[in-house]
Every structure is written in structure tokens, then in C-alpha cells.
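A short worksheet on the structure shown next.
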Amino acid sequence: MSGQGQHYYFGSGDHVTLHGGSGNVGIDKRVTPAPEMPPAAQEALRELLTLVQELRGQVPQAGAEALDDSLPALRAEANVPQQERHRALYAVAGIAGTLGALGVPIVEAVNKVLGLLGAQ
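Anchor point for the sequence shown: position 60 equals 60 in the UniProt record's numbering, and the numbering is continuous, going up by one each time.
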């Protein structure tokens, strides 16, 4: 090898670069903690969760399951990467957007959270 490492990509999202010959053993899986969320964003997430839980019983089964999949990343105390939280927010907004007037408060709550997180 001429100073270039061999690059490997794994389905879990891991990106590994190997330098040199033998002696490469294992992958360091330490994760950088998510940055501290502002208190206003934490409160907005709590409000959103309340709205989502109220809405859950009013959507078809597939929508309820999709909301359930998003809930862990929407908890203010969850230590999740920002990208995962944003993905969950967009999923919830998408489901709420299909519900017309019923979903408007959730879409507004999602926009508020995104704004507080600096994603808008």
C-alpha cells in the first residue's frame, strides 16, 4: 500500500479504514455523545410526544407502527445522533401531514422542535 488505507463499508453504517499490513484487530465502537440539547428544545420535544401519543390511537395501524418506531428518538433524554432525531421528526411530520386538520398541531410542533435544534 502506498500510504492509502483500504476502505470498508458495513451495513450498520460503519466506515473502517485499515492502514498497514497485519495486526489490525477489531473496531473501536466508541460513539461521540450527542450534544446537549437546549432546555427549550427538550420542552418542545416533550410537548410533541404528548401530541403524538394522543394522535396514535386515531391513525391506521401502519401509521401507528411508524409513530412507534419514531418515539424513542423523540424523547428529550434520548442520547441519539442528531440525524436520527431529525429523521424521526420528519417521519412524524409526514404521517401527521396526511391527516389534514387533525395533524396540523403535530406538524407545527415538529417545526418548532426543528427550529430550536437549528435544522430550519
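Even glycine gets a Cβ: it sits at the ideal position worked out from N, Cα and C.
Note that this is a predicted model, so its numbers are computed, not measured.
CA-to-CA distance, residue j to residue i, given in whole angstroms
i    : j    : result
G103 : A109 : 10 angstroms
P105 : V80  : 24 angstroms
T98  : D68  : 17 angstroms
A66  : Q58  : 13 angstroms
V113 : L55  : 18 angstroms
Y9   : Q83  : Below a pLDDT of 50, predicted positions are generally treated as unreliable, and Y9, at 48, falls in that range; the measurement from the model is reported next regardless. Going from the Cα of Y9 to the Cα of Q83 covers about 19 angstroms.
G100 : Y90  : 16 angstroms
A64  : P39  : 28 angstroms
H86  : Q53  : 18 angstroms
Assigned secondary structure, residue i (DSSP; H/G/I helix, E/B strand, else coil)
i    : result
Q58  : coil
G63  : helix
M111 : A quick correction: the sequence has Asn, not Met, at residue 111. Three-state DSSP puts N111 in a helix.
R75  : coil
P38  : coil
V80  : coil
T98  : coil
Contact set for residue i: own chain, Cβ-Cβ below 7 angstroms, skip 5 residues either direction
i   : result
A76 : M37, Q42, L45 and R46
A88 : S70, A73 and L74
A78 : P72
L51 : P105, I106 and A109
Range of the contiguous alpha helix (DSSP H) that encloses residue i
i    : result
G118 : Premise fails: G118 is in no alpha helix (DSSP H) and is neither H nor E.
Residues near residue i in its chain [Cβ-Cβ closer than 6 angstroms; skip 5 each side]
i    : result
L117 : A41
Contacting residues, own chain, Cβ-Cβ under 8 angstroms from residue i (five flanking each side not counted)
i    : result
V107 : A93, A96 and G97
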